[in-house]
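A.B. asks: Numbering (the numbering used here), first residue to last: 85 to 409. Backbone N, C-alpha and C define an ideal beta-carbon position, used for all residues, glycine too. For reference, the structure I am asking about is given below.
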Amino acid sequence: MPAPSPSAGERPTPTILGVGAAVPDQLITNADLVARLDTSDEWIVRRTGIRERRHLRPTETLAELAARACTDAVIDAGCNAAGVDHLIIATITPDRLTPGLAPAVAARIGAAHAGVLDVNAACTGFLYGLDHAAALIESGRARHVLVCGAEALSRITDHEDRATAVLFGDGAGAVLVGPGATGRGIGSFVFGYDDTLADTLYAERDAPKLQMAGQQVYRHAVARMTEAAQELLARNGVEVEQVDYFVAHQANARIVTAVADALGVPHEKVSFNVEWTANTSAASIPLALAAAQRDGHLKPGSLVGMVAFGAGFVWAAGLASWKDT
Ligand code: ACO
């Protein structure tokens with residue numbers, strides 16, 4: 085589908101048109117972890133809010149999982165993958181070091197003419213993709229952009245380390261972005277980073293297992309996500325009461341609670357999808373959006389606040405009006 089050429093003064097409003105999600109079928113419950121690690125269901129639930137996570141099997145690929153989420157999003161939007169101009173995949177765990185994930189996913193879904201790009205911005209990657217998609221639509225350089233967050237964190241987790249083994253899961257979520265007319269569409273974003281704290285959360289190329297100073301990450305995650313969300317609201321001229329649903333990166337239910345409380349968002353407006361997915365890094369926000377739509381938390385025009393924080397440190401916040409059905 086060729087990109088439209090907007091006439092002078094006419095800027096398309098970028099809008100989320102469809103959402104999709106996919107998780108592996110291999111379920112790992114807290115009881116499964118308790119059976120082989122020095123931990124307990126009580127500790128995991130109290131400190132993280134996580135009850136279960138899903139892991140890809142060695143024979144399964146992240147590309148297949150991401151393709152399922154992308155296809156879901158295209159169908160939800162009532163569109164056709166052949167009309168996707170760009171596919172942006174946020175991931176830190178592509179199936180191979182190179183090539184990236186996007187070409188394999190585009191080929192699987194039939195996005196034959198799409199530009200294909202992987203983004204590595206850790207847990208904030210999906211929000212970077214969404215901002216870039218919005219800019220492409222707004223400028224008229226593209227008409228339909230698929231943004232997918234996809235992770236196989238089980239492949240970079242030390243499964244013998246109880247401090248991190250309980251935290252991470254695999255999954256993929258996607259949205260199709262295009263010109264629309266719902267509310268304010270996708271608003272302006274806030275981004276930030278602090279490279280001085282990169283050693284508190286990382287994985288090395290030669291020893292690719294996540295290393296984390298949990299308490300430091302926790303403190304900075306709460307502070308930076310709260311500040312970013314406040315700046316986002318101010319920049320978009322929105323009061324916190326006007327936000328209908330709030331999705332923070334699903335790292336830990338205590339982090340999400342602390343950010344929501346600092347902002348003054350009531351918990352019934354907040355996603356706690358981490359309970360079922362664990363931390364899926366770049367996939368966590370689109371997975372939570374898909375779950376929120378499924379569970380009836382998002383109505384046409386609902387104003388959704390999104391905020392993320394991850395390795396780098398990098399953080400981001402964004403605002404979008406939910407799509408028409
Ligand atoms: N089961 C039982 N005990 C455990 C476990 C476990 N799975 N893991 C650690 N412990 C123990 C520790 O050994 C420690 O024992 P000690 O007191 O005898 O030394 C005790 O529990 C407390 O450990 P802390 O690390 O202080 O526990 P804390 O309350 O900080 O919780 C946690 C740890 C959940 C990791 C928390 O720090 C956290 O959530 N941090 C942020 C993590 C995060 O969000 N990371 C990702 C962000 S970026 C991204 O998404 C990739």
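#1: Excluding sequence positions up to five away, which residues of its chain have a Cβ less than 6 Å from the Cβ of D278?
#2: Is it true that the region 301 to 318 meets the region 332 to 346, where meeting means three or more beta-carbon pairs spaced less than 8 Å apart?
#3: What's the C-alpha gap between D117 and P98?
#4: So, under 8 Å CB-CB, V168 and H228 are touching, yes? Tell me the CB distance rounded to an integer number of Å.
#5: Is it the case that the Cβ atoms of D160 and G104 are separated by a distance below 8 Å?
#6: Which ranges does the beta strand (DSSP E) cover as unbroken runs of at least 3 residues, wholly within the region 193 to 257, from first to last along the chain?
#7: Anyone know if the C-beta pair for V158 and G102 falls short of 8 Å?
#8: Just verifying my parser: in three-state terms, what is the DSSP assignment at M85?
#9: Residue range of the beta strand (DSSP E) that H170 falls in?
#10: Could you name each continuous beta strand (DSSP E) segment of 3 residues or more that falls completely within the region 92 to 177, going from the start of the chain to the end?
#11: My guess is that W406 and R308 are in contact by the Cβ rule of under 8 Å, so how many angstroms apart are they, rounded?
#12: Assuming L294 is part of the alpha helix (DSSP H), what are its boundary residues?
#13: With respect to 7 Å, is the separation between the Cβ of L211 and the closest non-hydrogen atom of the ligand ACO below this value?
#14: What residue does the alpha helix (DSSP H) around W406 start on, and which one ends it?
#15: At the level of alpha carbons, what is the spacing between A305 and D254?
#16: May I ask you to report which of helix, strand or coil DSSP gives A313?
#17: Identify, in the order they occur along the chain, each residue of the same chain with its Cβ nearer than 7 Å to the Cβ of L121, setting aside the five sequence neighbours on each side.
#18: Thinking just about the alpha-carbon of each residue, which of C154, K293, P96, L149 is nearest to the one in I221?
#19: Any heavy atom of the ligand ACO within a distance shorter than 7 Å of the CB on S238?
#20: Please report the distance separating the alpha-carbon of G380 from that of G262.
#21: Distance, Cα to Cα, A205 vs T177?
#22: By the three-class DSSP mapping on this structure, what secondary structure does V358 have?
#23: What three-state label does DSSP hand N336 in the structure shown?
#24: Return the chain-ordered list of same chain residues with a C-beta closer than 8 Å to the C-beta of L347, the five sequence neighbours on each side being excluded.
#25: Identify the continuous beta strand (DSSP E) that holds A392 and give its terminal residues.
#26: Under three-state DSSP, which class holds A307?
#27: Compare the C-alpha of V358 against each of P350, P370, V349 and name the closest.
#28: Can you give the Cα-Cα distance for N320 and T143, rounded to whole angstroms?
#29: Kindly examine the ligand ACO and report whether one of its heavy atoms sits closer than 7 Å to the Cβ of T123.
#30: Give the DSSP bridge partners of I270, in chain order.
#31: Suppose you measure from the CA of G298 to the CA of L201; what does that come to, to the nearest Å?
#32: With respect to 7 Å, is the separation between the Cβ of W399 and the closest non-hydrogen atom of the ligand ACO below this value?
#33: Report yes if the C-beta distance between T155 and I193 is below 8 Å; otherwise report no.
#34: Counting along the chain, where does the alpha helix (DSSP H) carrying A282 start and finish?
C.D. replies: Well, looking at it:
#1: On the sequence shown, residue 278 is found 194 positions in, with the first residue counted as 1. Contacts found: F397.
#2: yes
#3: For the purposes of this step, residue 117 is identified with residue 33 of the sequence shown, where counting begins at 1. For the purposes of this step, residue 98 is identified with residue 14 of the sequence shown, where counting begins at 1. In the sequence as presented, Asp is not what sits at residue 117; that position holds Leu. Straight-line Cα distance between these residues: approximately 43 Å.
#4: For the purposes of this step, residue 168 is taken as residue 84 along the sequence shown, with counting starting at 1. For the purposes of this step, residue 228 is taken as residue 144 along the sequence shown, with counting starting at 1. Going by Cβ atoms, the distance from V168 to H228 rounds to 5 Å, so yes, they are a contact pair.
#5: Locating residue 160 in the sequence shown gives position 76, where the first residue counts as 1. Locating residue 104 in the sequence shown gives position 20, where the first residue counts as 1. The answer is yes: Cβ separation under 8 Å.
#6: 199 to 203, 229 to 236
#7: If you number the sequence shown from 1, residue 158 lands on position 74. If you number the sequence shown from 1, residue 102 lands on position 18. Cβ distance < 8 Å, so V158 and G102 count as in contact.
#8: Along the sequence shown, read from residue 1 onward, the residue named residue 85 stands at position 1. Bear in mind that a pLDDT of 45 at M85, under 50, signals an unreliable position, so the number given afterwards is only what the model happens to contain. Reduced to three states, the DSSP call for M85 is coil.
#9: Taking the sequence shown and counting its residues from 1, the one referred to as residue 170 is at position 86. Element bounds for H170: 170 to 174.
#10: 97 to 106, 111 to 113, 136 to 138, 170 to 174
#11: For the purposes of this step, residue 406 is taken as the residue at position 322 of the sequence shown. For the purposes of this step, residue 308 is taken as the residue at position 224 of the sequence shown. Actually they are not in contact, since the Cβ atoms of W406 and R308 sit about 25 Å apart, beyond 8 Å.
#12: Walking along the sequence shown from the start, residue 294 turns up at place 210. Run containing L294: none; DSSP gives neither H nor E here.
#13: Your numbering for residue 211 matches position 127 in the sequence shown. Answer for L211: no, Cβ out of range of the ligand ACO.
#14: Counting from 1 along the sequence shown, the entry for residue 406 is found at position 322. Counting along the chain, W406 falls outside any alpha helix (DSSP H), and DSSP gives it neither H nor E.
#15: Taking the sequence shown and counting its residues from 1, the one referred to as residue 305 is at position 221. Taking the sequence shown and counting its residues from 1, the one referred to as residue 254 is at position 170. Approximately 21 Å between the Cα atoms of the pair.
#16: Position 229 of the sequence shown holds residue 313. If DSSP states are grouped into helix, strand and coil, A313 belongs with the helices.
#17: Here residue 121 is taken as the residue at index 37 of the sequence shown, counted from 1. The answer, listed in chain order, is R246, A249.
#18: For this step, residue 221 is matched to residue 137 along the sequence shown. Between I221 and the set C154, K293, P96, L149, the nearest pair of CA atoms involves P96.
#19: In the sequence shown, residue 238 corresponds to position 154, counting from 1. Because no heavy atom of the ligand ACO lies under 7 Å away, the Cβ of S238 does not count as near it: no.
#20: Looking up residue 380 in the sequence shown gives position 296. Looking up residue 262 in the sequence shown gives position 178. For G380 and G262, the distance between alpha carbons rounds to 22 Å.
#21: Taking the sequence shown and counting its residues from 1, one reaches residue 205 at position 121. Taking the sequence shown and counting its residues from 1, one reaches residue 177 at position 93. Separation of A205 and T177 (C-alpha to C-alpha, rounded to the nearest whole angstrom) is 11 Å.
#22: Against the sequence shown, residue 358 aligns to sequence position 274. Note: V358 maps to helix in three-state DSSP.
#23: Numbered from 1 along the sequence shown, position 252 holds the residue referred to as residue 336. N336 falls in the coil class under three-state DSSP.
#24: Stepping through the sequence shown from its first residue, residue 347 is reached at position 263. For L347, where only same-chain residues beyond five positions count, the Cβ hits under 8 Å are T310, A313, Q314, V324, F330.
#25: Here residue 392 refers to the residue found at position 308 of the sequence shown. Counting along the chain, the beta strand (DSSP E) containing A392 begins and ends at 387 to 394.
#26: As a position in the sequence shown, residue 307 is number 223, starting the count at 1. In the structure shown, A307 sits in a helix (DSSP, three-state: H, G or I).
#27: Taking the sequence shown and counting its residues from 1, one reaches residue 358 at position 274. Ranking P350, P370, V349 by Cα distance to V358 puts P370 first.
#28: Here the question's residue 320 lines up with position 236 in the sequence shown. Here the question's residue 143 lines up with position 59 in the sequence shown. Rounded to the nearest angstrom, the two C-alpha atoms are 45 Å apart.
#29: Indexing the sequence shown from 1 puts residue 123 at position 39. Yes; taking the cut-off as 7 Å, the Cβ of T123 has a heavy atom of the ligand ACO nearer than that.
#30: Position 186 of the sequence shown, counting from 1, holds the residue named residue 270. A404.
#31: Counted from its first residue, the sequence shown places residue 298 at position 214. Counted from its first residue, the sequence shown places residue 201 at position 117. Looking at the two C-alpha atoms, the distance is approximately 31 Å.
#32: For the purposes of this step, residue 399 is taken as residue 315 along the sequence shown, with counting starting at 1. No, the ligand ACO has no heavy atom inside 7 Å of this Cβ.
#33: Position 71 of the sequence shown, counting from 1, holds the residue named residue 155. Position 109 of the sequence shown, counting from 1, holds the residue named residue 193. Yes, they are a contact pair.
#34: As a working note, residue 282 is residue 198 in the sequence shown. Where A282 is concerned, there is no enclosing alpha helix (DSSP H), given that its DSSP letter is neither H nor E.
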